[in-house]
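>
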Amino acid sequence: MTAMAKVVTAGALLLSASGNALFAQATPDNFSVAVAEEPDTLDMTSTAHAPGARVSLENITEGLWSTATDGALTSTVADWEISDDGLEIVFRIRDGITFHSGDPLTAEDVLFSHNRMLENAPQYARRARALDAVDVVDERTVRFTFHTPDAGMMPSRSLSIVSKAYFDRVGETQFMRHPVGTGPYEFVSYTPGTQLVLKRYDNYHGDLPQVEHATLRYVREAGTRLAQLQAGEVGMVMDIPYPDVPRLEADGFRMEYLAAHPTIAIQFHNLNPDVPWYDVRVRKAMAHAVDRQSIIDGLLAGVPEVTATVAEGELGHDPTITPYAYDPDRARELLAEAGYPDGFDLPLDIWGGGFAGLRETAEAASLYLRELGINVEVQTLDAAQFLGKIRNVSGDPEGVYVGISALPYANQSDPIEALNVAYTSRSPFTPFRDDRLDQYIDEANALLDPDARGEVLKKAFGLMHEEAAVIPLWNFVAVYAMDSGVRFTPTEKFFPVVMLKDVSFE
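Numbered according to mature numbering (1 follows the signal peptide of the UniProt record, and there is no 0), the sequence shown spans residues -26 to -1, 1 to 480.
So, in structure tokens, the structure goes:
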């Protein structure tokens, strides 16, 4: 049986399950959500993995600014003004905003949060690389000064705001155990590995949400999440496996789809001349070897899409660049030209995180590569191990790494963020390095005009495509399933999260 037939057959088996819906009695006073991702800490200013922490904690701890559900930048607790040269942003805190502790939000809290994140949150520290200083102008005014314009700072939504007065009063231990923020929900309790319980903050500065009491259940197994939804134990589930989508739709559950970070892709370390994939022809051969559309249709219920670079409508999208076509004959030609007509041994690391469909995709891709004689040896690593592996090989001329991972690429708040996080040599999480790409990224970071930045981003993504720096397999779509009486609007162009303020009821 060919790899393609195996993929389609496996997909048919996965899609054959059926069941009857038992809708949850989801109500505003008692609303439960099952999610796969548990925060690594309750303190957003100390998280080492902001995307995972944000899934639930952004209900408690807001950023200094945010995005609306349509992806546009919007004010939360402060308004702002950016200087013409992009070297200064002045934030003015809105009047009457308080933390759940009762403490008023002041400029000192912003400075405290910034300094704490510089020390404790490595992703923010990298994000703030162009930031020279954060200064308190007066009780409600803060000035950010940059040594070079940073187009990605605002779209990143990276600065979370916590209370200095509360920290000074309760100390580090209690601060970490009982978070307070300015968000629409207060912390009630947390049971590690089980759940986070919240209640509505009735002094919230924005519109009061409908949900009064909420429980976020941490359920890693997708089958268990679905069982809880069908049994009426929860009113909404995040991270629905794609093969289950047709059955849930047929059973009458309401579905919401969010094209979001990440892109599932093969990525390469390219600095070691002693490995086959150092040769771009080998990387392109691997790109031609995998039938992405068969994987999407056969294993993923046709839900995701694949793009060569960023998605249509994003800065840097070039419609003339298309994904490498599935062409095993061309793949064999390229391997022969590179000196590997009989294939080679390939250690392949797989991200073991909670993204639906990644494991199945990796297994199918391995089958396709083996048909070319590439002896794939798969190793699955959890998120911490995987990131540690990339950090270790990044910049190492003797490093050995090829992986299938959940990468920042398409459907970002701003594509420059993807490049800053995972593709510039400044980042410790950059296995593929190219001086030309670094130059494009630096140039794009300094351009505040979107049209001008978009033209440079086209060059950056075009170079990555030509060098086969990554092989996009499909772009992630977050699927939410919920009780038929529940309405939920996910936030576009950002990490998939569960913002309870955006839940309503018929």
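Note that beta-carbon positions come from the ideal geometry of N, C-alpha and C, so glycine has one too.
Under a Cβ-count criterion, where at least 16 other Cβ atoms within 10 Å of its own Cβ denotes burial, should SER268 be classed as buried or exposed?
As a first step, residue 268 is located in the sequence shown; it is residue number 294 there, counting from the start. Buried: at least 16 other Cβ atoms inside 10 Å.
> Taking the continuous beta strand (DSSP E) assigned at SER478, which residues delimit it?
Walking along the sequence shown from the start, residue 478 turns up at place 504. Note, SER478: beta strand (DSSP E), 477 to 479.
> Between which two residues does the alpha helix (DSSP H) carrying PHE120 extend?
For the purposes of this step, residue 120 is taken as residue 146 along the sequence shown, with counting starting at 1. Not the alpha helix (DSSP H): PHE120 falls in the beta strand (DSSP E), residues 115 to 120.
> So, with DSSP's three-state summary, where would you put GLN241?
Position 267 of the sequence shown holds residue 241. It is a strand residue.
> For a quick check, are the C-beta atoms of GLU441 and ASP412 less than 8 Å apart?
Against the sequence shown, residue 441 aligns to sequence position 467. Against the sequence shown, residue 412 aligns to sequence position 438. Not in contact: GLU441 and ASP412 (Cβ atoms no closer than 8 Å).
> Can you tell me the Cα-Cα spacing of VAL84 and ASP112, whole angstroms?
By 1-based counting over the sequence shown, the position of residue 84 is 110. By 1-based counting over the sequence shown, the position of residue 112 is 138. Straight-line Cα distance between these residues: approximately 12 Å.
> By a C-beta neighbour count over all protein chains shown, 10 Å radius and 16 as the cutoff for buried, is ASN449 buried or exposed?
Here residue 449 refers to the residue found at position 475 of the sequence shown. Buried is the call here.
> Taking the Cβ atom as the reference point for each residue, do ASP388 and ALA125 lie within a distance shorter than 8 Å?
Against the sequence shown, residue 388 aligns to sequence position 414. Against the sequence shown, residue 125 aligns to sequence position 151. Yes; because the gap between Cβ atoms is below 8 Å, this pair is in contact.
> Buried or exposed: LEU182, going by 16 or more other Cβ atoms within 10 Å of its Cβ?
In the sequence shown, residue 182 corresponds to position 208, counting from 1. Burial call: exposed.
> CA-CA distance, ILE295 and LEU61?
Residue mapping note: residue 295 aligns to position 321 of the sequence shown, counting from 1. Residue mapping note: residue 61 aligns to position 87 of the sequence shown, counting from 1. Each residue's alpha carbon lies about 34 Å from the other.
> Can you look up LEU381 in the DSSP assignment and give me helix, strand or coil?
On the sequence shown, residue 381 is found 407 positions in, with the first residue counted as 1. Correct three-state label for LEU381: strand.
> Ignoring anything shorter than 4 residues or poking outside the segment 137 to 218, list the alpha helix (DSSP H) runs there in chain order.
138 to 151, 196 to 204
> Can the beta-carbon of GLN169 be found closer than 8 Å to that of ARG191?
The residue labelled residue 169 in the question sits at position 195 within the sequence shown. The residue labelled residue 191 in the question sits at position 217 within the sequence shown. Judged by their CB atoms, GLN169 and ARG191 are nearer to each other than the 8 Å cut-off.
> How would you call THR48, buried or exposed, if buried means at least 16 neighbouring beta carbons within 10 angstroms?
Locating residue 48 in the sequence shown gives position 74, where the first residue counts as 1. With fewer than 16 other Cβ atoms within 10 Å, it is exposed.
> CA-CA distance, PHE118 and ALA392?
The sequence position of residue 118 within the sequence shown is 144, counting from 1. The sequence position of residue 392 within the sequence shown is 418, counting from 1. Near 23 Å, if we compare the C-alpha coordinates of ALA392 and PHE118.
> Are three or more beta carbon pairs between the segment 359 to 371 and the segment 303 to 314 nearer than 8 Å?
Fewer than three Cβ pairs drawn from the segment 359 to 371 and the segment 303 to 314 lie within less than 8 Å of each other, which leaves the two stretches out of contact.
> Between which two residues does the beta strand (DSSP E) carrying GLN386 extend?
Taking the first residue of the sequence shown as position 1, residue 386 is located at position 412. Where GLN386 is concerned, there is no enclosing beta strand (DSSP E), given that its DSSP letter is neither H nor E.
> Hey, ALA418 and ARG410 are a contact pair by Cβ (cut 8 Å); roughly how many whole angstroms apart?
Taking the sequence shown and counting its residues from 1, the one referred to as residue 418 is at position 444. Taking the sequence shown and counting its residues from 1, the one referred to as residue 410 is at position 436. Incorrect: roughly 13 Å between the Cβ atoms, too far for contact.
> Which residues in the same chain as ARG103 place their Cβ atom closer than 6 Å to its Cβ, once the five residues preceding and following it in sequence are excluded?
In the sequence shown, the residue the question calls residue 103 occupies position 129. For ARG103, where only same-chain residues beyond five positions count, there are no Cβ hits under 6 Å.
> Please list, in chain order, all residues of the same chain as GLY276 whose beta carbon is under 7 Å from its beta carbon, the five residues on each side excluded.
As a first step, residue 276 is located in the sequence shown; it is residue number 302 there, counting from the start. Here the set comprises ILE270.
> Mapping the DSSP letters down to three states, classify GLY290 as helix, strand or coil.
If you number the sequence shown from 1, residue 290 lands on position 316. Coil, per DSSP.
> Quick one: grab the DSSP three-state call for GLY37.
Against the sequence shown, residue 37 aligns to sequence position 63. Residue state, collapsed to three classes: strand.
> Can the beta-carbon of ALA8 be found less than 8 Å from the beta-carbon of ALA234?
Taking the first residue of the sequence shown as 1, we reach residue 8 at position 34. Taking the first residue of the sequence shown as 1, we reach residue 234 at position 260. No, Cβ-Cβ distance for ALA8 and ALA234 is not below 8 Å.
> Flag this pair as touching only if the segment 9 to 20 and the segment 455 to 464 have three or more C-beta atom pairs under 8 Å; answer yes or no.
Touching, no, given that fewer than three Cβ pairs across the two stretches are closer than 8 Å.
> Here's the rule: buried if 16 or more other CB atoms are within 10 angstroms of the residue's CB, otherwise exposed. What is HIS291?
Residue mapping note: residue 291 aligns to position 317 of the sequence shown, counting from 1. Buried: at least 16 other Cβ atoms inside 10 Å.
> Just mark VAL472 as buried or exposed, buried being the case when its beta carbon has 16 or more other beta carbons within 10 Å.
Start at 1 with the first residue of the sequence shown, and residue 472 comes out as number 498. Buried.
> Is the segment 148 to 166 touching the segment 92 to 100, taking contact as three or more C-beta pairs under 8 Å?
no
> Quick one: measure Cβ to Cβ for GLU230 and PRO464, integer angstroms, because I've assumed they're closer than 8 Å.
For the purposes of this step, residue 230 is taken as residue 256 along the sequence shown, with counting starting at 1. For the purposes of this step, residue 464 is taken as residue 490 along the sequence shown, with counting starting at 1. Correct: roughly 6 Å between the Cβ atoms.
> Any idea what DSSP makes of ARG90, helix, strand or coil?
By one-based count along the sequence shown, residue 90 stands at place 116. It is helical.
> Do the segment 329 to 344 and the segment 201 to 217 meet, that is, are 3 or more Cβ pairs less than 8 Å apart?
yes
> If I'm right that PHE360 touches SER340 with Cβ under 8 Å, what's the distance once you round it to whole angstroms?
For this step, residue 360 is matched to residue 386 along the sequence shown. For this step, residue 340 is matched to residue 366 along the sequence shown. Not confirmed; about 17 Å, so no contact.
> Could you give the C-beta distance for THR41 and LYS467, rounded to a whole number, given that I count them as a contact under 8 Å?
For the purposes of this step, residue 41 is taken as residue 67 along the sequence shown, with counting starting at 1. For the purposes of this step, residue 467 is taken as residue 493 along the sequence shown, with counting starting at 1. About 7 Å; that satisfies the 8 Å criterion.
> Counting along the chain, where does the alpha helix (DSSP H) carrying SER401 start and finish?
Indexing the sequence shown from 1 puts residue 401 at position 427. SER401 -> no alpha helix (DSSP H), and no H or E assigned at all.
> Can you grab the Cα-Cα spacing for the pair ALA(-3) / LEU200, in whole Å?
What you label residue -3 is simply residue 24 of the sequence shown in a count that begins at 1. What you label residue 200 is simply residue 226 of the sequence shown in a count that begins at 1. Its pLDDT being 45, under 50, ALA(-3) is placed unreliably in this model, and the coordinates cannot settle the point.
> Tell me which residues share the same chain as THR122 and place their Cβ nearer than 6 Å to its Cβ, disregarding the 5 neighbours each side in the sequence.
Residue 122 sits at position 148 when you count from the first residue of the sequence shown. Closer than 6 Å at Cβ, skipping near neighbours: ALA104, ALA420.
> Could you give the distance in angstroms between the alpha-carbon of LYS475 and the alpha-carbon of HIS88?
Residue numbering aside, residue 475 sits at position 501 when the sequence shown is read from its first letter. Residue numbering aside, residue 88 sits at position 114 when the sequence shown is read from its first letter. The alpha-carbon atoms of LYS475 and HIS88 are separated by roughly 26 Å.
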